[in-house]
Amino acid sequence: MDKNYNGIVIFGEMGAGKDALAAEFGAIKENSRIYNIGILCREMMKIAKVNPSWRGLERYIGQTTADKLREMDVNIMCDYILALIYERGQRKYGWDNAGLEGEDFNRAILEQLSAMRKDELSIIVGGRTMEDLEYWRGKNFLIVGVKVSEEIRRSRLISRDGERVVKNSSSTHNTEADVPRIVDELSDEIIYNDGTLKDLRNAAEELLYKYNL
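Spelled out as structure tokens, the structure:
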């Protein structure tokens with residue numbers, strides 16, 4: 003592929019294997035660094051460990067936290083991840099965007115992401131909304147969808163989170179509703195994850211080779 007991407011962002015439904023795919027990319031590429039859009043939500047989910055009234059409601063906590071954050075700014079969770087990447091470059095290259103606005107700011111960010119690509123392959127996990135898609139596409143990231151059969155997806159969720167958590171999760175929640183269309187219709191590439199980890203590794207290797215990442 004002629005186009006040079008600044009990184010990869012992975013979209014997929016709950017239990018599709020987004021983290022597993024990111025881990026395979028990471029195992030193949032030594033300079034990769036994984037970021038999770040939902041990290042702030044996952045941190046909040048930890049309260050169920052010390053407050054029994056929240057047990058089994060971890061996914062509800064995460065989804066509600068995402069709602070509240072996006073009420074502040076629809077892109078705030080993506081901005082947080084971009085800030086983590088930017089700070090790594092800032093420490094190395096001494097960037098300072100404080101005086102930039104508008105197109106000058108956007109141009110600087112794209113140039114800085116391109117520079118960071120020489121240092122790391124940024125792999126962003128957990129894209130869910132149309133806004134997430136447009137955000138990272140605008141930052142020149144490859145959009146990768148992960149797809150899995152419903153039976154396997156549910157089995158993996160129960161194995162990972164427990165049946166009670168899965169029962170209390172909503173695949174129609176607004177943080178999940180856009181995902182099927184994004185994966186099926188708007189991704190640059192779709193990886194099917196019904197097979198083994200070896201199958202997933204092979205698919206990851208093929209994608210990295212195809213896009214020279």
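When the sequence shown is numbered by the numbering used here, its final residue is 215 and no position is left out of the sequence of numbers. The beta carbon of each residue, even a glycine, is placed where N, CA and C say it ideally should be.
Per-residue burial, Asp69 [other beta carbons within 10 Å of its own, 16 or more giving buried]: Within the sequence shown, residue 69 is the residue found at index 67, counting from 1. Its Cβ having fewer than 16 others within 10 Å, Asp69 is exposed.
Beta-carbon contacts of Phe107 that lie in its chain and below 7 Å, excluding the five residues immediately before and after: To locate residue 107, count along the sequence shown from 1; it is residue 105. Once the five neighbours on either side are set aside, the close Cβ partners of Phe107 are Asn99.
Pick from Ala85, Trp97, Ala179, Val185 that is closest to Gly19, judged by C-alpha positions: On the sequence shown, position 17 is the one that residue 19 refers to. Of the candidates Ala85, Trp97, Ala179, Val185, the one whose C-alpha sits nearest the C-alpha of Gly19 is Val185.
Where Leu210 falls: helix, strand or coil (DSSP): Position 208 of the sequence shown holds residue 210. In this structure, Leu210 counts as helix in the three-state DSSP scheme.
Length at least 4, wholly inside the stretch 40-92: the alpha helix (DSSP H) runs in chain order: 41-47, 60-74
Status (buried if at least 16 other CB within 10 Å, exposed otherwise) for Val181: Counted from its first residue, the sequence shown places residue 181 at position 179. Looking at its Cβ environment, which holds 16 or more other Cβ atoms inside 10 Å, Val181 is buried.
N-terminal and C-terminal residue of the beta strand (DSSP E) that Arg35 is part of: Counting from 1 along the sequence shown, the entry for residue 35 is found at position 33. Residues 34-38.
Heavy atom of the ligand ZN within 7 Å of Leu102 beta-carbon: Inclusion of the ligand ZN in the displayed structure is not the case, the ligand content being empty and no account of it being possible.
Residues near Val76 by beta carbon distance below 6 Å, same chain, minus five either side: Position 74 of the sequence shown, counted from the first residue, corresponds to residue 76. Once the five neighbours on either side are set aside, the close Cβ partners of Val76 are Glu133.
Outcome for Thr131 when other beta-carbon atoms lying within 10 angstroms are tallied against a minimum of 16: For the purposes of this step, residue 131 is taken as the residue at position 129 of the sequence shown. Looking at its Cβ environment, which holds 16 or more other Cβ atoms inside 10 Å, Thr131 is buried.
Sequence-distant residues of the same chain with beta carbon closer than 6 Å to Ile78, five excluded per side: What you label residue 78 is simply residue 76 of the sequence shown in a count that begins at 1. Correct list, in chain order: Leu71.
Beta strand (DSSP E) runs wholly inside the stretch 85-139, at least 3 long, in chain order: 123-129
Cross-strand partners of Leu144 (DSSP beta bridge): Along the sequence shown, one-based indexing puts residue 144 at 142. Beta-bridge pairing links Leu144 to Ile10.
Closest residue to Ile192 among Cys80, Glu15, Asn8, Lys5 (Cα-Cα distance): Translated into positions along the sequence shown, residue 192 becomes position 190. Answer by Cα proximity: Glu15.
Touching by the beta-carbon criterion (3+ pairs, under 8 Å), the stretch 188-207 and the stretch 22-35: yes
Whole-number beta carbon distance between Leu123 and Ser34, since they are thought to touch under 8 Å: Locating residue 34 in the sequence shown gives position 32, counting from the first residue. Locating residue 123 in the sequence shown gives position 121, counting from the first residue. Yes, Ser34 and Leu123 are in contact; Cβ-Cβ is about 4 Å, under 8 Å.
Rounded distance between the beta-carbons of Ile10 and Ile126, thought under 8 Å: In the sequence shown, counting from the first residue as 1, residue 126 sits at position 124. In the sequence shown, counting from the first residue as 1, residue 10 sits at position 8. Contact holds; Cβ gap of about 7 Å.
Asp196 beta carbon less than 8 Å from that of Ser2: For the chain, the structure presents residues 3 to 215; residue 2 sits outside this window and is missing.
Spatial neighbours of Tyr194 in its chain, beta-carbon cut-off 6 Å, leaving aside the 5 residues before and after: Start at 1 with the first residue of the sequence shown, and residue 194 comes out as number 192. So the qualifying residues of the chain are Lys149.
6 Å CB neighbourhood of Thr67 in its chain, flanking five on each side removed: The residue given as residue 67 occupies position 65 in the sequence shown. For Thr67, where only same-chain residues beyond five positions count, the Cβ hits under 6 Å are Cys43, Met46.
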